[in-house]
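>
In this note's numbering, the protein residues as written are -15 to 238.
(1) CA-CA distance, residue 188 and residue 154?
(2) Taking DSSP's pairing of strands, which residues face residue 102 in a bridge?
(3) Between which two residues does the alpha helix (DSSP H) containing residue 207 stretch?
(4) Which two residues bound the contiguous beta strand (DSSP E) that contains residue 112?
(5) State the Cα-Cα distance for the pair residue 100 and residue 176, rounded to the nearest angstrom.
(6) Where does residue -13 land, buried or exposed, given buried means 16+ other C-beta within 10 angstroms?
(7) Going by other Cβ atoms of all chains shown within 10 Å of its Cβ, with 16 needed for buried, is residue 108 buried or exposed?
(8) How big is the Cα-Cα spacing for residue 27 and residue 228?
(9) For the structure I just gave you, are there three or more beta carbon pairs, one from the region -4 to 11 and one from the region 116 to 135, closer than 8 Å?
(10) Measuring straight from C-alpha to C-alpha, what distance separates residue 45 and residue 63?
(11) What are the residues that DSSP puts in a beta bridge with residue 34?
(12) Measure the alpha-carbon distance for residue -2 versus residue 146 and round it to whole angstroms.
(13) So, helix, strand or coil for residue -15, using DSSP?
(14) Below 8 Å on the Cβ atoms is my contact criterion, and I expect residue 210 with residue 150 to pass it. Report the Cβ-Cβ distance as a whole number of Å.
(15) Spell out a yes or no on whether the region 28 to 37 and the region 80 to 99 are touching, meaning 3 or more CB-CB pairs, one atom from each, closer than 8 Å.
(16) Is there contact here, the region 115 to 124 with the region 199 to 206, by at least three beta-carbon pairs under 8 Å?
(17) Between residue 19 and residue 174, what straight-line distance do the alpha-carbon atoms span, to the nearest angstrom?
(18) Please state whether DSSP places residue 175 in a helix, a strand or coil.
(19) What number of angstroms, rounded off, separates the C-alpha of residue 206 from the C-alpha of residue 168?
(20) Would you report the Cα separation of residue 85 and residue 91, rounded to the nearest angstrom?
(21) Out of curiosity, what's the CA-to-CA distance linking residue 38 and residue 115?
(22) Considering residue 93, what are the terminal residues of the alpha helix (DSSP H) in which it resides?
(23) Using a 10 Å radius around the Cβ and a threshold of 16 neighbouring Cβ atoms, would you call residue 65 buried or exposed?
(24) Tell me whether residue 214 is buried or exposed, calling it buried when 16 or more other Cβ atoms sit within 10 Å of its Cβ.
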């Protein structure tokens, strides 16, 4: 992920697609926080959601009962834990990898018996691995499309969303005031989540929290959203606009 961000910053690639939320495991906090910390700023310019299947794969000749270790990205292991527990032998080891592709590559290169990877079907094809099982759970991941520069503010007919990172003032009713900025203008909040800010954590002082918020609408083209954000800044120490972008709509919901 760090390499992807660096390539976008250098202009080697124009866009990147990062996983931001999963229907089983929730927000991918490590990705979200790494994105929000980028300097110079990167912007969210789009979103995408898709249902994903993950496959247990191993070298040819390996059976499920032979597996003693499975490798994958931490988020994928978390999403599929119930599936792995019900499918693999008792006492298997889950080993963290930087991504699913590298996990499959490592298994393909290793001569060690009983190794498997949890990855996409394409990884099995690329590395000549045998698929031994798949997770059939309804597993949907939401992605952000990111770039060095923001897009033109999407029109209302594109069902726009806007994302912000806030540091609220440490006072009574702060969350109520923040939410009221949108409620009083009939603006829907689609997501609200707080995380400790590692920048300020000490044992002797109150923790500072970063609140991530998604709303419907875009301030560039809608006066009520623009006024809501202006009002919001009165109740926050810091208000960072992560991006405004067209909402992803599945073809069945258009």
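Note that beta-carbon positions come from the ideal geometry of N, C-alpha and C, so glycine has one too.
Taking the geometry as given:
(1) The residue you call residue 188 lines up with position 204 of the chain shown. The residue you call residue 154 lines up with position 170 of the chain shown. Caution applies to residue 188, whose pLDDT of 49 falls short of 50 and renders its modelled position unreliable; the model cannot decide the point.
(2) By 1-based counting over the chain shown, the position of residue 102 is 118. Answer by DSSP bridge pairing, in chain order: 40.
(3) One-based indexing of the chain shown puts residue 207 at position 223. Residue 207 -> alpha helix (DSSP H) spans 207 to 216.
(4) Within the chain shown, the letter at position 128 stands for residue 112. Per DSSP, residue 112 belongs to no beta strand (DSSP E) and is neither H nor E.
(5) Against the chain shown, residue 100 aligns to sequence position 116. Against the chain shown, residue 176 aligns to sequence position 192. For residue 100 and residue 176, the distance between alpha carbons rounds to 37 Å.
(6) Looking up residue -13 in the chain shown gives position 3. Flag for residue -13 reads exposed.
(7) Locating residue 108 in the chain shown gives position 124, where the first residue counts as 1. Under this definition residue 108 is a buried residue.
(8) Sequence index remark: in the chain shown, residue 27 carries index 43 (1-based). Sequence index remark: in the chain shown, residue 228 carries index 244 (1-based). Each residue's Cα considered, the two are about 9 Å apart.
(9) yes
(10) As a first step, residue 45 is located in the chain shown; it is residue number 61 there, counting from the start. As a first step, residue 63 is located in the chain shown; it is residue number 79 there, counting from the start. Distance between the alpha carbons of residue 45 and residue 63: 27 Å.
(11) Counting from 1 along the chain shown, the entry for residue 34 is found at position 50. Looking at the DSSP assignment, residue 34 forms a beta bridge with 125.
(12) By 1-based counting over the chain shown, the position of residue -2 is 14. By 1-based counting over the chain shown, the position of residue 146 is 162. Those two C-alpha atoms are separated by around 21 Å.
(13) In the chain shown, the residue the question calls residue -15 occupies position 1. The answer is coil: DSSP assigns residue -15 none of H, G, I, E or B.
(14) Indexing the chain shown from 1 puts residue 210 at position 226. Indexing the chain shown from 1 puts residue 150 at position 166. Wrong, their Cβ atoms sit about 17 Å apart, outside the cutoff.
(15) no
(16) no
(17) Taking the chain shown and counting its residues from 1, one reaches residue 19 at position 35. Taking the chain shown and counting its residues from 1, one reaches residue 174 at position 190. The straight-line gap from Cα to Cα measures roughly 20 Å.
(18) Counting from one through the chain shown, the residue named residue 175 turns up at place 191. DSSP places residue 175 in strand when its eight states are reduced to three.
(19) If you number the chain shown from 1, residue 206 lands on position 222. If you number the chain shown from 1, residue 168 lands on position 184. Between residue 206 and residue 168, the C-alpha separation is close to 15 Å.
(20) Working through the chain shown from its first residue, we reach residue 85 at position 101. Working through the chain shown from its first residue, we reach residue 91 at position 107. The alpha-carbon atoms of residue 85 and residue 91 are separated by roughly 10 Å.
(21) Counting from 1 along the chain shown, the entry for residue 38 is found at position 54. Counting from 1 along the chain shown, the entry for residue 115 is found at position 131. Roughly 10 Å between the two C-alpha positions.
(22) Within the chain shown, residue 93 is the residue found at index 109, counting from 1. 84 to 93 is the span of the alpha helix (DSSP H), which, as asked, contains residue 93.
(23) What you label residue 65 is simply residue 81 of the chain shown in a count that begins at 1. Flag for residue 65 reads exposed.
(24) If you number the chain shown from 1, residue 214 lands on position 230. The residue in question, residue 214, is exposed, as its Cβ has fewer than 16 Cβ neighbours within 10 Å.
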